[in-house]
Amino acid sequence: MTFKFHARTTPLPAILSSAVLLTLVLSGCTATESATGEVVDESAAAEIDYAAIDDDSLFVLATYPIEAGELVGDAPEDHAAVWERFTELFDPSLHSEITMFVAIDADQSGGTDGAMQRNGLNPDETYLALDTSGAVAPDVLDRTMIHEFAHLITLRDDQIPKDASTVASCQVYAEVDGCPADDSYLYSYFSEFWPGFTIDMFDAETEEDKEARYTPDEFVTDYAATIPTEDAAEVFAEWVLADELPTGESVVDNKLRFFEDYPELVEIRDSVRAALAL
0 MTFKFHARTT
10 PLPAILSSAV
20 LLTLVLSGCT
30 ATESATGEVV
40 DESAAAEIDY
50 AAIDDDSLFV
60 LATYPIEAGE
70 LVGDAPEDHA
80 AVWERFTELF
90 DPSLHSEITM
100 FVAIDADQSG
110 GTDGAMQRNG
120 LNPDETYLAL
130 DTSGAVAPDV
140 LDRTMIHEFA
150 HLITLRDDQI
160 PKDASTVASC
170 QVYAEVDGCP
180 ADDSYLYSYF
190 SEFWPGFTID
200 MFDAETEEDK
210 EARYTPDEFV
220 TDYAATIPTE
230 DAAEVFAEWV
240 LADELPTGES
250 VVDNKLRFFE
260 DYPELVEIRD
270 SVRAALAL
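Note that the sequence shown covers residues 0 to 277 in numbering that gives the first Met the number 0.
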């Protein structure tokens, strides 16, 4: 994983009304103020590992250790169900580095319904954050899970070895942790679809620049146009969910066929689609 915060913002139509979401999971408990100044349930707050999350943009409802793919602790049914859904789509053997599940409220997190990020206390471990409030439609949350899994498999250490000294001379887009390995998914993806683009160029861009970059002939979503790593994750999600792959030669058509070159990813795609009954 890189230092960048990899989160996906739910499209506004997918966010449902949630005026009652401040009444938290355990009834009959008093309220307190979180580290972000938000009112949360006192007993839930005791279960929140803010130092490990290290991100005040997320409205956290609870955190849970993950051991051997299992959620540890007495989680409310709605929290446990989201983690169980993730493991239905992705066998625990595929994400052993996830050691914490973070239950979040998408509405209170500025529309962010998922994130995959390094543990703030142990950078060798990763946490997965997903909306558990019910504000996100189930099919949208499924897609977010696929998107976040794409970050996991493309940003893990065997794909991007941690070595900041390699960034300056990297031949493709690289964030501060290190240059993608020559045989990595992202090295090939960035070489083909983001040639010459650098982290310095990204840092110099405005939101207007990113919006202007979007065109449906090149990107699967407007969010994909914001940064190369998000482009790859969005394409992965669309590729997994696509009933038929395009046969054209536009940039976006070629992106949607990119992961077909990796048999191990095709196997994962088939497994996820089976779990989704597609």
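Where is the CB? At the ideal position from N, CA and C, for every residue including glycine.
Taking all protein chains shown into account, do 16 or more other C-beta atoms lie within 10 angstroms of the C-beta of residue i, making it buried, or fewer, making it exposed?
i: Val-135; result: buried
i: Ala-105; result: buried
i: Ser-108; result: buried
i: Gly-247; result: exposed
i: Ala-149; result: buried
i: Asn-121; result: exposed
i: Leu-25; result: In this prediction, Leu-25 has a pLDDT of 25, which is less than 50 and means its spatial position is unreliable; what the coordinates show is noted afterwards. When all chains shown are included, Leu-25 counts as exposed.
i: Pro-227; result: buried
i: Met-179; result: The amino acid at residue 179 is misidentified as Met; the sequence shows Pro. Its Cβ being crowded by 16 or more others within 10 Å, Pro-179 is buried.
i: Gly-195; result: exposed
i: Leu-129; result: buried
i: Glu-147; result: buried
i: Asp-208; result: exposed
i: Ala-203; result: exposed
i: Met-144; result: buried
From this set, the options, which residue's C-alpha is nearest residue i's C-alpha?
i: Ala-211; options: Asp-199, Thr-225 and Met-200; result: Thr-225
i: Trp-82; options: Thr-153, Phe-100, Gly-72 and Ile-267; result: Phe-100
i: Val-250; options: Glu-266, Glu-243 and Thr-214; result: Thr-214
i: Gly-133; options: Phe-201, His-78, Leu-70 and Asp-53; result: His-78
i: Thr-220; options: Val-234, Asp-208 and Glu-207; result: Val-234
i: Ala-241; options: Leu-264, Ala-232, Arg-268 and Asn-118; result: Arg-268
i: Ile-47; options: Ile-103, Glu-96 and Glu-76; result: Ile-103
Quick check: what's the CA-CA separation for residue i versus residue j?
i: Gly-113; j: Val-139; result: 11 Å
i: Thr-197; j: Ser-164; result: 15 Å
i: Ala-61; j: Glu-229; result: 26 Å
i: His-94; j: Gly-68; result: 8 Å
i: Glu-237; j: Phe-89; result: 16 Å
i: Pro-64; j: Arg-272; result: 27 Å
i: Leu-181; j: Tyr-261; result: The question names Leu, but residue 181 in the sequence shown is Asp. Roughly 15 Å separates the two Cα atoms.
i: Phe-58; j: Tyr-126; result: 15 Å
i: Met-115; j: Val-175; result: 17 Å
i: Leu-154; j: Asp-141; result: 20 Å
i: Val-71; j: Ala-80; result: 13 Å
i: Arg-117; j: Asp-123; result: 7 Å
i: Tyr-283; j: Ala-274; result: Residue 283 is absent from the model: the chain starts at 0 and stops at 277.
i: Ile-52; j: Leu-151; result: 16 Å
i: Leu-244; j: Asp-216; result: 15 Å
Against chain D, does residue i count as a neighbour if the rule is that its beta carbon must be under 9 Å from one of theirs?
i: Ala-232; result: Among the chains in the structure shown there is no chain D, since it carries only a single protein chain.
> Mind pulling the beta strand (DSSP E) runs of 3 or more residues that sit fully within the segment 73-153?
Replying inline: 97-103, 111-117 and 125-130
> Any contact of the segment 150-159 with the segment 168-186, i.e. 3+ C-beta pairs under 8 Å?
Replying inline: yes
> Would the segment 253-262 and the segment 161-172 be scored as touching if the rule is three or more Cβ pairs under 8 Å?
Replying inline: no
> In the segment 235-260, which residue ranges form an unbroken alpha helix (DSSP H) of at least 4 residues, counting only runs that do not cross its ends?
Replying inline: 250-257
> Which runs of the alpha helix (DSSP H) spanning at least 4 residues fall entirely within the segment 196-231, listed in chain order?
Replying inline: 198-203 and 206-212
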